[in-house]
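K.L.:
Quick one: the structure is below, questions incoming.
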Amino acid sequence: LMIFFVAREDMYAQDSIDLLQNSGLQFREHEEHGIEPLEFAELLMSSGIVLMDNINWLSFHSGYDFGYLLKLLTDQNLPQEENDFFESLRLYFPTVYDVKYLMKLCKNLKGGLQEVADQLELRRVGPQHQAGSDSHLTGMAFFKIKEIFFDGNIESTSGHLYGLGTPFATNVNNFQDNGDNSNSS
Numbered sequence: 001l002m003i004f005f006v007a008r009e010d011m012y013a014q015d016s017i018d019l020l021q022n023s024g025l026q027f028r029e030h031e032e033h034g035i036e037p038l039e040f041a042e043l044l045m046s047s048g049i050v051l052m053d054n055i056n057w058l059s060f061h062s063g064y065d066f067g068y069l070l071k072l073l074t075d076q077n078l079p080q081e082e083n084d085f086f087e088s089l090r091l092y093f094p095t096v097y098d099v100k101y102l103m104k105l106c107k108n109l110k111g112g113l114q115e116v117a118d119q120l121e122l123r124r125v126g127p128q129h130q131a132g133s134d135s136h137l138t139g140m141a142f143f144k145i146k147e148i149f150f151d152g153n154i155e156s157t158s159g160h161l162y163g164l165g166t167p168f169a170t171n172v173n174n175f176q177d178n179g180d181n182s183n184s185s
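This is the structure we're talking about:
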């Protein structure tokens, strides 16, 4: 299943596009043979994994990822205001954990996904920058961080996305942000 992305129509970060192309992703192939975005949105909505409080979304530095998903699911441009973005995020994805955000709360965890995996002594399965391999490693990193640094109590960090400000617009869990909202990886 490939969803297509059209660089001339969709907002993106050039470094992310370069990374994906260098990892073997072929955007033209996706554009020619991928699933139509609205069809993907319909499948995602009917899957039962959005709009559900009991589904936990684990991610790594995922502001753009959730922005793209929200644009697909609503078939609208993203809100202009960050508060409105987080309200939509909370509606469609009520429980979101961003491992990159969690890292900034943990002393000594730095870098990208592979670097944090190395620091946590996690072993990757599959090639780097491929969806399955990165997803598996993100999940392993989340559970290891939860165990080591949060003693299993990680719920208060839900809704924070690395590089973006207020979680879910209303700071639902009253989590105190340390004020570092930089966008560096």
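Quick note: the sequence shown uses full-length UniProt numbering, first residue 1, plus one each step.
Note that the Cβ used here is the ideal one computed from N, Cα and C, for glycine as well.
Computed from a prediction, not measured in an experiment: that's the story for all the values here.
How many Å lie between D15 and S62 at the Cα?
P.N.:
As the crow flies, the alpha-carbon of D15 is around 14 Å from that of S62.
K.L.:
Go through its chain and collect everything with a Cβ distance to F60's Cβ below 6 Å, but skip five positions before and after it.
P.N.:
V99, K100, L113, T138
K.L.:
Out of E9, L102, Q21, which one is the CA nearest neighbour of P37?
P.N.:
E9
K.L.:
Are P94 and S88 close, meaning C-beta to C-beta below 9 Å?
P.N.:
no
K.L.:
When you compare only the Cα positions, how much space is there between R28 and E155?
P.N.:
40 Å
K.L.:
Please list, in chain order, all residues of the same chain as I144 whose beta carbon is under 6 Å from its beta carbon, the five residues on each side excluded.
P.N.:
Checking the sequence shown, residue 144 turns out to be Lys, not Ile. Around K144: L120.
K.L.:
Count the other CB atoms within 10 Å of the CB of D180; is the residue buried (16 or more) or exposed (fewer)?
P.N.:
Model confidence at D180 stands at a pLDDT of 42, short of 50, so the residue's coordinates are unreliable; what they give is reported in the following sentence. Exposed, because fewer than 16 other Cβ atoms sit within 10 Å of the Cβ of D180.
K.L.:
Do you know offhand how far R124's Cα is from L20's?
P.N.:
18 Å
K.L.:
Note down the Cα distance separating G152 from H33, rounded to an integer number of angstroms.
P.N.:
42 Å
K.L.:
Less than 9 Å between the C-beta atoms of G159 and F86, yes or no?
P.N.:
yes
K.L.:
By the DSSP assignment, the alpha helix (DSSP H) with S16 in it spans what residues?
P.N.:
14-22
K.L.:
Could you tell me if D134 is buried or exposed, where buried requires 16 or more neighbouring beta carbons within 10 angstroms of its beta carbon?
P.N.:
buried
K.L.:
Would you mind sorting L69 into buried or exposed? The rule is 16 or more other CB atoms within 10 Å of its CB.
P.N.:
Around the beta carbon of L69, a 10 Å sphere encloses 16 or more other beta carbons of the protein chains shown; the residue is thus reported as buried.
K.L.:
At 3 residues or longer, and completely inside the segment 75-152: list those beta strand (DSSP E) runs for me, N to C.
P.N.:
95-98
K.L.:
For L102, is the classification buried or exposed, using 16 other Cβ atoms within 10 angstroms of its Cβ as the cut-off for buried?
P.N.:
buried
K.L.:
Does the distance from the C-beta atom of Y12 to that of V50 stay below 9 Å?
P.N.:
The Cβ-Cβ distance between Y12 and V50 does not fall below 9 Å.
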